[in-house]
Amino acid sequence: MEQDLENKNVLYVSGFNESLTVESLQQRFSQYEDIKEIFLPSQSENGEHATYCFLKCHHSKGANMAAERILADGELRCRKAITACHFHQWLQSVELQIPEQAFPKEDGLSDIIENLDNKILKVYEHLPANTLCLVLFPGKKSAYVSFQGLGFIGIKEQSV
2 MEQDLENKNV LYVSGFNESL TVESLQQRFS QYEDIKEIFL PSQSENGEHA
52 TYCFLKCHHS KGANMAAERI LADGELRCRK AITACHFHQW LQSVELQIPE
102 QAFPKEDGLS DIIENLDNKI LKVYEHLPAN TLCLVLFPGK KSAYVSFQGL
152 GFIGIKEQSV
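The numbering of the sequence shown is the working numbering, which starts it at 2 and goes up by one.
Next up, the structure:
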């Protein structure tokens, strides 16, 4: 997906501490002359924004220069986008169909969580540095119960 033409000249930027708006991002990146578009995905149904964004540049040279400047600042993390910007919009609109099932009792739940955590850690350890990591746990909504989904996103850093 990294070679996808739709991702050409698109940067993924994360590490923001404050709540983001398109206007605040435009102000923050106004000195980057080659930026064509800023995409800020909304995080949930209530319209809150994510703590990451995508910057689309006119040229690959401009994207490379912007990435270098962002990384040199040291406050944010940045890399070439791997997933298309519209993927995040699509992901929010997809309704997940989860079959009705009984949830495990609390005493067995910690074992399940620990097992899942170990599996995710094994996969994570084998990823190369600067890889975008995305873990999604779907929610559940029925007449009887409603659980929000959960997602984790980050960039794997260099091992020390």
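From the three backbone atoms N, C-alpha and C, an ideal C-beta is built for every residue, glycine too.
Here the structure is a predicted model, which means the values were calculated and not measured.
Limits of the beta strand (DSSP E) - the one that residue i falls within
i    : result
S15  : 11-15
G1   : A query on residue 1 cannot be resolved here, the shown segment of the chain reaching from 2 to 161 and no further.
L77  : First-last for L77: undefined, no H or E at that position.
C136 : Going by the sequence as given, residue 136 is Val instead of Cys. Its beta strand (DSSP E) spans residues 133-138.
Y145 : From DSSP, Y145 is part of no beta strand (DSSP E); its letter is neither H nor E.
L56  : 53-58
E38  : 36-40
Counted within 10 angstroms of its Cβ, other Cβ atoms place residue i as buried (16 or more) or exposed
i    : result
A82  : buried
A1   : Outside the displayed range of the chain (2 to 161) lies residue 1, so it cannot be described from this structure.
L97  : Annotation note: pLDDT 47 at L97 (below 50); position unreliable, coordinate value reported separately. Result: exposed.
Y145 : exposed
I39  : buried
N119 : exposed
F148 : exposed
A130 : exposed
F138 : exposed
L41  : buried
I36  : buried
L21  : buried
Proximity below 8 Å, CB of residue i to CB of residue j
i    : j    : result
R70  : I156 : no
A67  : Y13  : no
I121 : Y53  : no
N1   : A51  : In the structure displayed, the chain extends from 2 to 161; residue 1 sits before or after that span and is not available.
L77  : S25  : no
G140 : G150 : yes
Span of the alpha helix (DSSP H) around residue i
i   : result
S23 : Checking the displayed sequence, the identity of residue 23 turns out to be Val instead of Ser. Unbroken alpha helix (DSSP H) run through V23: 23-29.
Three or more C-beta pairs closer than 8 Å, one from the region 54-74 and one from the region 129-138: is that the case here?
-> Between the region 54-74 and the region 129-138, the count of C-beta pairs closer than 8 Å stays below three; the two stretches do not touch.
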